[in-house]
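*Asks:* In the numbering used here, the protein residues as written are 1 to 276.
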């Protein structure tokens, strides 16, 4: 449910089924969210390969002076570290699923971009309410040189894992948990909190992402292209009543995955993914 969460921050979402080539689209988009899910990182033209391409482009955009944020949720968290680690596996098995955990903030979190402007009540909420990365993993792989650990948590077996990070140089952020589920997912056996405080903390992350997007000067060349690219053109299906882990999903036909002729675009490869 990343789409409605981002929309709750009053951000319009382009459909990146790569009607546009990624390099062109990223010059016109103000933020990229790498969503959670379940997929392998070694698939050709899959999620990780697309994330690597987007990470490289986003890094170059920032290096060239345009503010361009990235956000990763759960699998998006994992893939950002994966591509930062030259596509080398760093993850360990972690016994943490369907846990509602308070964040254990790391030293210096209060000066981070993600949390430095968080109201005191949000910080209070965050600290009182299968794969993972440990601090040691980040240190041994050298990832700690590029990523700052903002919080950790402990799984069912007591293993400490990293739960929130931000890049030390670029406006790239990631969380191992799913803030959007507190707002929009109501699966009864998944231990998802929907208290007023849970909703309030989740909305904080949506608002933060909005404010990051506002710092970017990227824009579509005209309103027609923008309107044709928005997710408003698609109708989600209500799958929660069928026992799905998601209340709604977007379905796309093979025709909708077909890319434009690459000769019309500034891109070497096309990826069959969508990113909001």
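Cβ atoms here follow ideal geometry from the backbone N, Cα and C, with glycine treated the same way.
When burial is assigned at 16 or more other CB atoms within 10 Å of the CB, is residue 149 buried or exposed?
*Replies:* The residue in question, residue 149, is buried, as its Cβ has 16 or more Cβ neighbours within 10 Å.
*Asks:* If you drop the 5 nearest sequence neighbours on each side, which residues of the same chain put their C-beta closer than 8 Å to that of residue 135?
*Replies:* Correct list, in chain order: 144, 149, 152, 160 and 162.
*Asks:* Mind listing, in chain order, the continuous alpha helix (DSSP H) runs of no fewer than 4 residues lying wholly within the stretch 207-253?
*Replies:* Whole alpha helix (DSSP H) segments, 4+ residues: 223-229.
*Asks:* Go to residue 28, then tell me how far its beta strand (DSSP E) extends in each direction, as first and last residue.
*Replies:* Unbroken run through residue 28: none, as it is neither H nor E.
*Asks:* Within a Cβ cutoff of 6 Å, which residues of the same chain sit near residue 124, ignoring the five residues on either side of it in sequence?
*Replies:* Once the five neighbours on either side are set aside, residue 124 has no close Cβ partner at all.
*Asks:* Which residue marks the beginning of the beta strand (DSSP E) containing residue 115, and which one marks its end?
*Replies:* Here residue 115 belongs to no beta strand (DSSP E), and DSSP marks it neither H nor E.
*Asks:* Give, in chain order, every unbroken run of the beta strand (DSSP E) that is at least 3 residues long and sits entirely within the stretch 142-179.
*Replies:* Correct list: 147-154, 160-167 and 172-175.
*Asks:* In whole angstroms, give me the CA-to-CA distance for residue 17 and residue 50.
*Replies:* The pLDDT assigned to residue 17 is 46, lower than 50, so where the model puts this residue is not dependable; a value taken from the coordinates is nonetheless given after this. One C-alpha to the other measures close to 11 Å.
*Asks:* Using 8 Å as the Cβ pair cut-off and three pairs as the minimum, do the stretch 202-221 and the stretch 51-71 touch?
*Replies:* The answer is yes - the stretch 51-71 touches the stretch 202-221, with three or more Cβ pairs under 8 Å.
*Asks:* If you draw a straight line from the C-alpha of residue 88 to the C-alpha of residue 166, how long is it?
*Replies:* Roughly 19 Å separates the two Cα atoms.
*Asks:* Roughly how many angstroms lie between the CA atoms of residue 113 and residue 35, to the nearest whole one?
*Replies:* Between residue 113 and residue 35, the C-alpha separation is close to 21 Å.
*Asks:* Straight-line CA distance for residue 223 to residue 107?
*Replies:* Approximately 45 Å between the Cα atoms of the pair.
*Asks:* Return the first residue and the last residue of the alpha helix (DSSP H) that residue 59 is part of.
*Replies:* Start and end: 47-63.
*Asks:* Return the CA-CA distance between residue 278 and residue 56, expressed in angstroms with no decimal places.
*Replies:* Since the first and last residues shown for the chain are 1 and 276, residue 278 lies out of range.
*Asks:* Between the C-alpha atoms of residue 236 and residue 84, what's the straight-line distance to the nearest angstrom?
*Replies:* If you take the alpha carbons of residue 236 and residue 84, they lie about 33 Å apart.
*Asks:* Taking C-alpha atoms, which residue in 225, 239, 172 and 182 lies nearest to residue 68?
*Replies:* That would be 172, whose Cα lies nearest to the Cα of residue 68.
*Asks:* Going by beta carbon distance, what residues of the same chain come within less than 8 Å of residue 238, once the five residues before and after it are set aside?
*Replies:* Same-chain partners within the cutoff: 247 and 248.
*Asks:* Please report the straight-line C-alpha distance between residue 185 and residue 245, rounded to a whole angstrom.
*Replies:* Approximately 8 Å, taken between the alpha carbons.
*Asks:* How would you label residue 156, buried or exposed, when you count the other beta carbons within 10 angstroms and need 16 or more for buried?
*Replies:* Per the 10 Å Cβ criterion, exposed.
*Asks:* Between which residues of its own chain and residue 38 is the CB-CB distance below 8 Å, once the five residues before and five after are set aside?
*Replies:* Contacts found: 75.
*Asks:* I'd like to confirm the pairing. Which residues does DSSP put opposite residue 72 in its beta bridges?
*Replies:* DSSP output for residue 72 lists 34 and 174 as bridge partner(s).
*Asks:* I need the straight-line Cα distance from residue 132 to residue 227, nearest angstrom please.
*Replies:* Each residue's Cα considered, the two are about 38 Å apart.
*Asks:* Mark residue 139 as exposed unless 16 or more other C-beta atoms lie within 10 angstroms of its C-beta, in which case mark it buried.
*Replies:* Flag for residue 139 reads exposed.
*Asks:* Using a 10 Å radius around the Cβ and a threshold of 16 neighbouring Cβ atoms, would you call residue 221 buried or exposed?
*Replies:* By the 10 Å Cβ count, residue 221 comes out exposed.
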